[in-house]
Structure formats: structure tokens, C-alpha cells
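Asker: Once you've had a glance at the structure underneath, I'll fire off some questions.
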Amino acid sequence: MPQADTAERLQKVLAAAGVGSRRACEDLIFRRRVTVNGRVAKLGDKVDPATAEIHVDGQRVITNTKLVYVALNKPRGVVSSLDDEKGRTELADFLGANFEQRLFHVGRLDADSEGLLLFTNDGGLAHKLMHPSYEINKTYLAEVVGPLPRTVGRALQSGIELEDGPAKVDSFRLVDAMGKTAQVEIVLHEGRKHIVRRMMDAVGHPVTRLIRTAVGPIRLGDLRPGGFRHLSAAEVAALFKAVGD
1 MPQADTAERL QKVLAAAGVG SRRACEDLIF RRRVTVNGRV AKLGDKVDPA
51 TAEIHVDGQR VITNTKLVYV ALNKPRGVVS SLDDEKGRTE LADFLGANFE
101 QRLFHVGRLD ADSEGLLLFT NDGGLAHKLM HPSYEINKTY LAEVVGPLPR
151 TVGRALQSGI ELEDGPAKVD SFRLVDAMGK TAQVEIVLHE GRKHIVRRMM
201 DAVGHPVTRL IRTAVGPIRL GDLRPGGFRH LSAAEVAALF KAVGD
């Protein structure tokens, strides 16, 4: 049960989270389309927005205003750290003083790689997104040494042997071929260090540029290098859905 001093009417909490007007939210509750902590909500319910787990039509609604979800386009040459001991250009240089909350990054990108990194102070969601058992796909656009025979994609999808065990991609697609260079899209849920670079090295086509374009349902889009944006409510709901919440 929510504490009396923090409890608010459910429709007010939903409206504050951007679900709709209070009247619209009352209608959702009346139609039994809202659950709170796993049970169907009813009109008159009160909840603590900081702790309640609320779903509308099966989609998670974040009502804790202290939780932050951010996407950053990490530029090449930046280390995946918020406090680099060597004084190198780091992630904090781009997030700066924009956030009062202590954020941490979901996964990493090596300094020579670029693209999408997610940040949050939601430790539970971050843990699930990074845990191998949830098999969250990561999508990469890689520029590799060409020309690229068709057998490369088949080999990577069938699985190859690396020094620390077998590895395979979920999908592989040739995007463009330009003589001695090729661009490929690679999707995998592996989280081992430098996994894309090591796999491409193993098949004889080293990576010359690597961009992560998506993490699960979240896409990099046209976010400029060094830029960041808050995830939309729909994107946050999609992340929770991806981990089964």
C-alpha cells in the first residue's frame, strides 16, 4: 500500500505522466485497461508515483519523475566513462551539467567506435538491458575491408570460433560495396568486448569504422555526434517490453 503522504489519485498520476487528460485516464481505469503492481486498477485507487508499477494496455508507464532515460550519440575518440582518470574526452563532457541525477551508461562502446549509448538512473532496467539472458539486440553499421564474398555473412550467422568461445550474429546484411570497402549491418545480442571487431577480423575483413545504430527498440536516428535526447514515453515503454516488464 502507498504511504498516505505520497499517495495520489491514479488518474492524476497517469495524466502527469502524459497518458492523457484526467477524464481520459479515468475512462482507461473504468475500462479495466490499467494495472497497478499486477492487479487491475479501479476508480478511486491511490498510488505512490515513485514506487507503483503501472501498465496501460500492457505497456509500462513511468510515473516516477526522478527517473531519467537518455540517448547519446557517442563520437569517435571518446571513452565510455563518466570520470576518466587519464583526463581523456569522456561521456560527461557531453552530458555536462544537464542532469541533477547521477546517470550511468547502459553497456559500453570502445573509444574507436561511435553511435548510440543509453543512460539512465533506473538501475533495475539497466541491469536487465545489459544481462545476457534478456538477449537485447544491438545493431551496428560497420565499414569493413572489402571486397566481401557472400560466404562471410553465412559464416557469421552459422557461428565462428573466437579465442574465448564461439560467436555468431543474429543477422548480417550488405548495405553498400565500394571496391576495397564495404558497409554491412550486423545485429547481435552478444556483449563481449570488441565482439564485432573480433568477429570481422576472424573472417578476414577488419572493421575500419563502427557505428551502433540501435539498442533493442531504440534507434540512433538523426541524433548528431555528441548530441543527446530524452527518450519518449513510448520508447521507454518499448524498453520495458523488451525485457518483459
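Sequence positions in the sequence shown follow UniProt numbering and run 1 to 245. Note that CB positions come from ideal geometry on N, CA and C, so glycine has one too.
1. Determine the DSSP secondary structure at V175, reduced to helix, strand or coil.
2. Drop a sphere of 10 angstroms on the beta-carbon of E163, count the other beta-carbons inside from all chains shown, and report buried for 16 or more, exposed for fewer.
3. Could you check which residue in G227, T208, D57, A50 has the C-alpha nearest to that of V144?
4. Which runs of the beta strand (DSSP E) at least 3 residues long sit entirely within the UniProt domain "RNA-binding S4" (8 to 76)? Give them in chain order.
5. Secondary structure at T213, three-state DSSP: helix, strand or coil?
6. Should L220 and N64 be called a contact, given that it needs their Cβ atoms to be closer than 8 Å?
7. Can you list the alpha helix (DSSP H) stretches of 4 or more residues lying completely in the stretch 109 to 138, in chain order?
8. Quick one: using the 10 Å Cβ neighbour count with 16 as the cut-off for buried, is D57 buried or exposed?
9. Between A237 and Q59, is the Cβ-Cβ spacing less than 8 Å?
10. With respect to the alpha helix (DSSP H) encompassing R154, which residues constitute its N-terminal and C-terminal limits?
11. Please determine, among T51, R39, R32, K42, the residue with the shortest C-alpha to C-alpha distance to T6.
12. May I have a chain-ordered list of the alpha helix (DSSP H) segments no shorter than 4 residues that lie completely inside the stretch 184 to 234?
13. Verify whether the separation of the beta carbon atoms of residue 268 and V203 is less than 8 Å.
14. Roughly how far, in whole angstroms, is the beta-carbon of D122 from the beta-carbon of L67, given that I think they are within contact range, below 8 Å?
15. Sorted by chain position, which residues of the same chain lie with C-beta nearer than 7 Å to A15's C-beta, five sequence neighbours on each side aside?
16. Can you say whether L141 is buried or exposed, counting buried as having 16 or more other CB atoms within 10 angstroms of its CB?
17. Compare the Cα-Cα distances from S232 to each of I195, A17, E135 and report the closest residue.
18. If we ignore side chains and look at the alpha-carbon of each, how far apart do P147 and F99 end up?
19. Between which two residues does the beta strand (DSSP E) carrying F104 extend?
20. What do you get for Q101, buried or exposed, if any count of 16 or more other CB atoms within 10 angstroms of its CB means buried?
21. Roughly how many angstroms lie between the CA atoms of G226 and H194, to the nearest whole one?
22. Decide if G115 is buried, meaning its Cβ has at least 16 other Cβ atoms within 10 Å, or exposed.
Answerer: Taking the coordinates as given:
1. V175: strand per DSSP, three-state reduction.
2. exposed
3. Comparing alpha carbon positions, the residue from G227, T208, D57, A50 closest to V144 is T208.
4. 34 to 36, 54 to 56, 59 to 61, 69 to 74
5. strand
6. no
7. You should have 123 to 130.
8. A residue is called buried when at least 16 other Cβ atoms come within 10 angstroms of its Cβ; D57 does not meet this threshold and is exposed.
9. yes
10. In the DSSP annotation of this structure, the continuous segment of the alpha helix (DSSP H) that includes R154 starts and ends at 151 to 158.
11. T51
12. 195 to 202
13. What is shown of the chain runs 1 to 245, which leaves residue 268 out entirely.
14. 5 Å
15. S21, R22, C25
16. buried
17. That would be A17, whose Cα lies nearest to the Cα of S232.
18. 45 Å
19. First-last of the beta strand (DSSP E) with F104: 104 to 106.
20. exposed
21. Here the alpha carbons of H194 and G226 stand approximately 21 Å from one another.
22. buried
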